[in-house]
Amino acid sequence: MNPQPVAMITGAAGGIGGETAVRFAERGYDCVLLALPSEDLNPITKRIEDAGRQYMICTGDLADLAYAESAVEQCISAWGRIDVLVNNAAWREITTMRKIELASWEQTLRVCLTAPAFLSRWCAAHMEARGEGVIINVSSIQSQMAAGISPAYVAAKGALDSLTYELATLYGPAGIRVLSVNPGAIDTAMGQDIAVDQQATATKIRQASEDMIPLRRWAHPREIAHSIVMLAGEDASYLTGTSVTIDGGWKQQCSPYSVKQ
Ligand code: NAD
68 MNPQPVAMIT GAAGGIGGET AVRFAERGYD CVLLALPSED LNPITKRIED
118 AGRQYMICTG DLADLAYAES AVEQCISAWG RIDVLVNNAA WREITTMRKI
168 ELASWEQTLR VCLTAPAFLS RWCAAHMEAR GEGVIINVSS IQSQMAAGIS
218 PAYVAAKGAL DSLTYELATL YGPAGIRVLS VNPGAIDTAM GQDIAVDQQA
268 TATKIRQASE DMIPLRRWAH PREIAHSIVM LAGEDASYLT GTSVTIDGGW
318 KQQCSPYSVK Q
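Numbering (my numbering), first residue to last: 68 to 328.
The following block contains the structure:
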């Protein structure tokens, strides 16, 4: 068995997933990086090497559950353990319920909900045998705050939070903790893809959101990564079956009086 703990991260080529992999490496974990075949993982693997840790790359489309299952099998046959699973990958189309095609709806649910559910099941089977493990689902504050621009995505994220509570109940007696993190506005490719039409430009939306966030800025993806790795560690040993909002105070911020004057 690998002497170091092992973290498996989906959507690991950049954004929150890439920063999470690097942070785990800095904390002594070897990393299993799941990414789309088209993505360049070199910037992330270089930083994992700089941290002195090993990595394994498994590329494929998470809508294909056979690929997801094979990634778990590959990790177990090479390293014999998975200590942490981070279900981070997500896909969404910026659209509305008036227009969304069934194929887009189904793809979103496959990537954002079905893949995390089954990856959790396959990883938990190995974690149960060792009596420990942590699963972290990267959800969103949009599981609780509507924006009107991504119906399948918000439905999937709401269900992902519910799945977190279900899995925490099922696997808690086996020593496995399951948590959601709910990021607010994060400066990544997905975070910047927010304009639904020509009038509502991304710049205007970003400015408006920054004016509402008490910390008055979007987060760097590293700030979410640090919280994920902290939640996966011993300092969070009694935390399970709950969602942790990481949004600079945005979700609680519904008063028009506290927006930037
Ligand atoms: P990102 O676009 O950098 O990362 C998303 C990742 O998902 C990409 O690496 C992409 O390759 C991967 N992915 C998409 N479809 C896939 C598929 N079919 N198979 C395999 N991988 C696939 O964006 P991010 O902001 O780093 O997103 C990471 C997580 O954070 C997501 O779960 C997202 O919902 C969540 N989140 C982001 C924000 C934000 O403002 N950026 C806010 C709340 C929640």
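Glycine included, every Cβ here is placed at the ideal spot set by N, Cα and C.
Counting pairs of beta carbons, one from the region 106-120 and one from the region 152-172, are three or more of them closer than 8 angstroms?
Too few Cβ pairs lie closer than 8 angstroms, so no.
When you measure from the CB of Ala138 to every non-hydrogen atom of the ligand NAD, does any distance come out below 7 angstroms?
Within the sequence shown, residue 138 is the residue found at index 71, counting from 1. Ala138: no, Cβ never under 7 angstroms from the ligand NAD.
Three-state secondary structure (DSSP) at Ala157?
For this step, residue 157 is matched to residue 90 along the sequence shown. Correct three-state label for Ala157: coil.
Quick check on DSSP: helix, strand or coil for Met75?
Locating residue 75 in the sequence shown gives position 8, where the first residue counts as 1. DSSP places Met75 in strand when its eight states are reduced to three.
Give me, in chain order, the residues of the same chain whose beta-carbon lies closer than 6 angstroms to that of Glu199; leave out the 5 immediate sequence neighbours on both sides.
Residue mapping note: residue 199 aligns to position 132 of the sequence shown, counting from 1. Closer than 6 angstroms at the Cβ level, and outside the excluded window around Glu199, lie Gly242.
How far does the beta strand (DSSP E) with Leu246 in it extend, from its first residue to its last?
Counting from 1 along the sequence shown, the entry for residue 246 is found at position 179. Looking at the DSSP string, the run of the beta strand (DSSP E) that includes Leu246 is 243-250.
Where does Ile115 fall in DSSP's three states?
Here residue 115 is taken as the residue at index 48 of the sequence shown, counted from 1. Reduced to three states, the DSSP call for Ile115 is helix.
Going by C-alpha to C-alpha distance, which of Ala223, Ser137, Leu152 sits closest to Ile208?
Start at 1 with the first residue of the sequence shown, and residue 208 comes out as number 141. Nearest option by C-alpha distance: Ala223.
By how many angstroms is the C-alpha of Asp150 removed from the C-alpha of Met68?
As a first step, residue 68 is located in the sequence shown; it is residue number 1 there, counting from the start. As a first step, residue 150 is located in the sequence shown; it is residue number 83 there, counting from the start. Computed Cα separation, rounded: 12 angstroms.
Would you list the one or two residues that DSSP bridges to Asp97?
Mapped onto the sequence shown, residue 97 falls at position 30. Partner(s): Val73.
Report yes or no: do the region 71-91 and the region 288-299 share at least 3 C-beta pairs separated by less than 8 angstroms?
Contact between the region 71-91 and the region 288-299 is present, because at least three Cβ pairs lie under 8 angstroms.
So, helix, strand or coil for Lys305, using DSSP?
Taking the first residue of the sequence shown as position 1, residue 305 is located at position 238. Checking the displayed sequence, the identity of residue 305 turns out to be Tyr instead of Lys. It is coil, neither helix nor strand.
First and last residue of the alpha helix (DSSP H) that includes Val139?
For the purposes of this step, residue 139 is taken as the residue at position 72 of the sequence shown. It spans 132-146 - the alpha helix (DSSP H) in which Val139 sits, taken as one unbroken run.
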